[in-house]
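Engineer:
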Amino acid sequence: MSDGESGITFATWFVFAFPVAVINVLLAWLCLQVVYFGLRHVFRFYFSFAEKAVMVHFAILVLCWFTLKPEFVPGWGSLFKHGYISDAVPAMIICCLLFVFPSSRNQNNANKSSATLLDWKTFNRKFPWGVALLLGGGFALAHACKESGLSLWLARMMAVMTGIPEWAMIAVICLVISLSTEVTTNTAVCTIFMPILADLAKGIHVHPIYIMIPAAISSSFAFMLPVGTPPNTIAFSYGYLRIIDMVKVGWILNLLCVVVVTIAINTWGMAYFRLDVYPEWAVIQGQLSSSVSNSTFIHMINQTSIMTSSGNFTENVTSLLFN
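So this is what it looks like as structure tokens:
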């Protein structure tokens, strides 16, 4: 949509999302501790050599992502021609290093087997191949929603929210997406909703990033059901959790995380991305998108204005759906 002009890179995303992640992780830890374990013996941690090695590799991976294209200075990605290096390159390099790096300090001892942090036998045995199929199903579901016209129908339904304050609209969108991602993958949810929200933002003359960033983050707020995200599926597959265990704490986390991301986008997110200024790359030229024409969207906005000014809300909603 922005043709690379939106300013969203790993570095800028990190600046906004890292505080949100820290706050949400602390809230999740607090909820789990209070509900299941209490607050005793919380800070008793021990890391083995292998765990420390994996942590260092992950830190290097994050550093590579951060410096690939940091925006404020040329990143190491500028050493290669455009499009040659992506985020997948450092991820694959670090993954290969895990098959080489030793898992113990005693690798030189003749009595010790030369074990590495990761080996193919373990990887093949423990890798959740069902998660890969789950993600593939998410892509298929997203494509089906687009081809069937469900995305267009959802865009018309979301035009109703143009009559409410922007901060409230963000909260409602985040809540809807966080509930939607409970029954499908975040990949499918983002693929379905992002084009819709982009057209919605341009139609009401709001910075698209103001709507799309909190929506994208909210697509990972799936804490109540195993099918929500691959991590949920992995944790549930071990057999120690029941669905009711996830629901009991998950709905609290959903609400808390939606509140956090709504506050974040309206405070430091607004200042950092300058979301109060409508960007030039989002200016409507001719039509909103290939699927939703400008005249159609203006019709939806007009219908919404009638609804918000009329006393009988139900009748006008029915008129919008079937006329």
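Heads up, the sequence shown is in our numbering, so the first residue is 15 and it goes up one at a time.
Built from N, CA and C at the ideal position, the CB exists for glycine as well.
The model shown is predicted, which means the values in this text are computed figures rather than measured ones.
#1: At a cut-off of 8 Å, would you count Val263 as near the ligand SAM, judging by its Cβ distance to the nearest heavy atom?
#2: Tell me which residues share the same chain as Leu155 and place their Cβ nearer than 7 Å to its Cβ, disregarding the 5 neighbours each side in the sequence.
#3: Using 8 Å as the threshold, is the region 28-46 in touch with the region 271-279, meaning 3 or more CB pairs across them?
#4: Mind checking who Pro116 pairs with in its DSSP beta bridge?
#5: Can you list, in chain order, the stretches of the alpha helix (DSSP H) that have 4 or more residues and sit fully within the region 147-208?
#6: Would you mind working out which of Thr23, Leu41, Thr26, Trp27 sits nearest Trp265, comparing C-alpha positions?
#7: Any idea if Ser6 is buried or exposed, counting beta-carbon neighbours within 10 angstroms, 16 or more meaning buried?
#8: Express the C-alpha separation of Phe113 and Pro244 in angstroms, rounding to a whole number.
#9: From the DSSP output, in three-state form, read off Pro104 for me.
#10: Just how far apart, CA to CA, sit Ala105 and Thr81?
#11: If you run the structure through DSSP and keep just helix, strand and coil, what is Asp290?
#12: Quick one: is Ile298 buried, meaning 16 or more other Cβ sit within 10 Å of its Cβ, or exposed?
#13: Can you give me the C-alpha to C-alpha distance between Val263 and Leu46, rounded to a whole angstrom?
#14: Using the C-alpha atoms, what's the distance from Ala129 back to Cys188?
#15: Helix, strand or coil for Ile223? Go by DSSP, reduced to three states.
#16: Could you please give the first and the last residue of the uninterrupted alpha helix (DSSP H) stretch that includes Gly264?
#17: I need the DSSP call for Met69, collapsed to helix, strand or coil.
#18: Keeping to the same chain, check which residues put their C-beta closer than 6 Å to that of Pro84; ignore five residues upstream and five downstream.
#19: Can the beta-carbon of Phe287 be found less than 9 Å from the beta-carbon of His219?
#20: So what does DSSP say about Thr247, is it helix, strand or coil?
#21: Can you tell me whether Asn120 is buried or exposed? The criterion is at least 16 other CB atoms within 10 Å of its CB, across all chains shown.
#22: Compare the Cα-Cα distances from Met226 to each of Ala236, Met238, Asp213 and report the closest residue.
#23: Taking the beta carbon of Cys271 as the centre, do at least 16 other beta carbons fall within 10 Å, making it buried, or is it exposed?
#24: Given Ile191, which residues of its chain have a CB within under 7 Å of its CB, disregarding the five upstream and five downstream residues?
#25: Alpha carbon to alpha carbon, what distance is there between Leu147 and Ala67?
#26: From Trp27 to Gly150, what does the alpha carbon distance come to, in whole angstroms?
#27: Which value, in whole angstroms, describes the spacing of the CA atoms of Val49 and Met260?
#28: Note down the Cα distance separating His96 from Leu75, rounded to an integer number of angstroms.
#29: Leaving out the 5 sequence neighbours to the left and right, which residues in its chain are closer than 6 Å to Ile22 when beta-carbon positions are compared?
#30: Helix, strand or coil for Phe141 per DSSP?
#31: Quick one: residues in its chain with C-beta nearer than 7 Å to the C-beta of Trp6, no 5 flanking neighbours on either side, listed in chain order?
Structural biologist: According to the structure shown:
#1: The model depicted lacks the ligand SAM and carries no ligand whatsoever.
#2: Thr198, Ala202
#3: yes
#4: Thr130
#5: 164-172, 180-194
#6: Leu41
#7: The structure shown has nothing for residue 6, since the chain only spans 15 to 337.
#8: 23 Å
#9: helix
#10: 13 Å
#11: coil
#12: Interpretation of Ile298 is limited by its pLDDT of 46, a score under 50 that renders its predicted location unreliable; the figure taken from the coordinates is listed afterwards. Result: exposed.
#13: 7 Å
#14: 45 Å
#15: helix
#16: 257-280
#17: helix
#18: Ala25
#19: no
#20: helix
#21: exposed
#22: Asp213
#23: buried
#24: Val203, Phe207, Ala229, Ser232, Ser233
#25: 30 Å
#26: 25 Å
#27: 11 Å
#28: 21 Å
#29: none
#30: coil
#31: The first residue shown for the chain is 15 and the last is 337, placing residue 6 beyond what the model contains.
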